[in-house]
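Q: Here it is: the structure, laid out below.
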Amino acid sequence: MEYSFTKMEGCGNDYIYFNCFEQPIEHPEAVSIPLSDRHFGIGGDGIVLICPSDVADAKMRMFNADGSEGKMCGNAIRCVGKYLYDRGIVPKQTLTVETLSGIKTLALHLKDGKVDTVTVQMGKAELSPQKIPVFMEGDRIIGKPLAIGSEEYKITCVSMGNPHCVVFCDDPEGIDLPGIGPLFETHPLFPERINTEFVKVTGSQSLSMRVWERGSGETWACGTGACAAAVASVLNGYCPKGADIDVKLRGGTLTIRYTDEEVTMTGPARVVFEGVVTL
């Protein structure tokens with residue numbers, strides 16, 4: 000069968016989007032693997048299904064490039080908001096999207112009548128090791144040592160719907176991410192695997208980072224990862240709580256605000272191209 004798709008990106012985090020209001024996708028975990036391939040497929044960090052919901056304006060399902068399903072994706076949900084508004088499916092500037100990590104509220108910011116940037120209420124940062132999850136003792140994992148390979152790293156763990164391990168360093172660009180990323184991802188301390196951010200503090204309200212995502216490898220951006228990095232920067236005393244923190248990623252910049260009540264994320268959403276694929 001032929002399926003229409005839209006390739007979209009948020010800060011370079013690119014996914015293949017399917018409108019499941021019109022065409023349901025069977026076995027998306029199998030579809031994601033060949034379509035994400037950048038040589039033999041469409042190319043992307045995974046696929047996103049935009050579906051009807053009984054509890055929100057729409058439902059988002061995201062599948063990584065290896066076929067595993069993610070509970071939440073900050074960059075993808077912004078693109079879902081743009082898709083819903085620009086196509087008139089949900090013609091309002093504040094809307095809700097159901098995800099596996101709960102219902103998220105989106106505020107859409109327009110330019111020339113189209114969605115340009117989106118602010119997402121990401122919910123409260125989860126710091127309890129049992130709920131992240133990570134097999135370490137204590138109420139919080141903040142700057143605790145962890146041996147990976149022949150090196151020891153100080154890690155801060157946060158869940159933003161997805162589990163994250165944040166490492167502060169002087170030179171993220173110098174990290175052998177393809178080598179070290181899988182060692183973090185599959186470490187036995189992380190029973191559901193882990194996303195790892197290597198972060199440099201560049202100012203009192205600015206960070207730069209690279210990210211290794213479970214199931215996808217290095218990506219140019221990770222919305223929940225940027226949120227986790229900002230939360231970790233506050234917990235470690237690098238940035239102030241309640242302030243806008245700019246997180247620079249390989250594909251662009253996200254603005255994160257962390258309070259005791261919630262984390263918000265603001266960033267761009269863009270259509271790359273549209274097409275039809277035979278499945």
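Read in order, the letters of the sequence shown are residues 0 to 278 in numbering that gives the first Met the number 0. Each residue gets a CB set at the ideal place from its N, CA and C atoms; glycine is no exception. Please read these numbers as outputs of a predicted model, since none were measured by experiment.
1. Would you call L83 buried or exposed, if buried means 16 or more other Cβ atoms sit within 10 Å of its Cβ?
2. Should E1 and P27 be called a contact, given that it needs their Cβ atoms to be closer than 9 Å?
3. Using only alpha-carbon positions, find the residue among V246, I102, D115 that is nearest to Q92.
4. Would you call the CB atoms of I147 and L182 closer than 9 Å?
5. Per DSSP, S207 is paired with what?
6. Assuming S35 is part of the beta strand (DSSP E), what are its boundary residues?
7. Taking 9 Å as the threshold (C-beta atoms), are A75 and S31 in contact?
8. Which residues in the same chain have their Cβ closer than 6 Å to the Cβ of T104, if we skip the five residues on either side of it in sequence?
9. Alpha carbon to alpha carbon, how far is V198 from K240?
10. By the 10 Å Cβ neighbour count, where 16 or more other Cβ atoms means buried, how is H163 classified, buried or exposed?
11. Can you list, in chain order, the residues of its chain whose CB lies under 7 Å from that of V54, leaving out five sequence neighbours each side?
A: Working from what's here:
1. Counted from its first residue, the sequence shown places residue 83 at position 84. Classification for L83: buried.
2. Locating residue 1 in the sequence shown gives position 2, counting from the first residue. Locating residue 27 in the sequence shown gives position 28, counting from the first residue. Their beta carbons are not under 9 Å apart, which means E1 does not touch P27 by this criterion.
3. For this step, residue 92 is matched to residue 93 along the sequence shown. Answer by Cα proximity: D115.
4. On the sequence shown, position 148 is the one that residue 147 refers to. On the sequence shown, position 183 is the one that residue 182 refers to. The answer is yes: Cβ separation under 9 Å.
5. Position 208 of the sequence shown holds residue 207. Paired residues: K199, K247.
6. Locating residue 35 in the sequence shown gives position 36, where the first residue counts as 1. No beta strand (DSSP E) contains S35, which is instead part of the alpha helix (DSSP H) from 27 to 35.
7. What you label residue 31 is simply residue 32 of the sequence shown in a count that begins at 1. What you label residue 75 is simply residue 76 of the sequence shown in a count that begins at 1. Cβ atoms of S31 and A75: not closer than 9 Å.
8. On the sequence shown, residue 104 is found 105 positions in, with the first residue counted as 1. Cβ within range, chain order: T95, Q120.
9. Walking along the sequence shown from the start, residue 198 turns up at place 199. Walking along the sequence shown from the start, residue 240 turns up at place 241. Whole-angstrom Cα-Cα distance: 17 Å.
10. The sequence position of residue 163 within the sequence shown is 164, counting from 1. Counting Cβ neighbours within 10 Å, H163 comes out buried, since at least 16 surround it.
11. The residue labelled residue 54 in the question sits at position 55 within the sequence shown. For V54, where only same-chain residues beyond five positions count, the Cβ hits under 7 Å are E97, I102.
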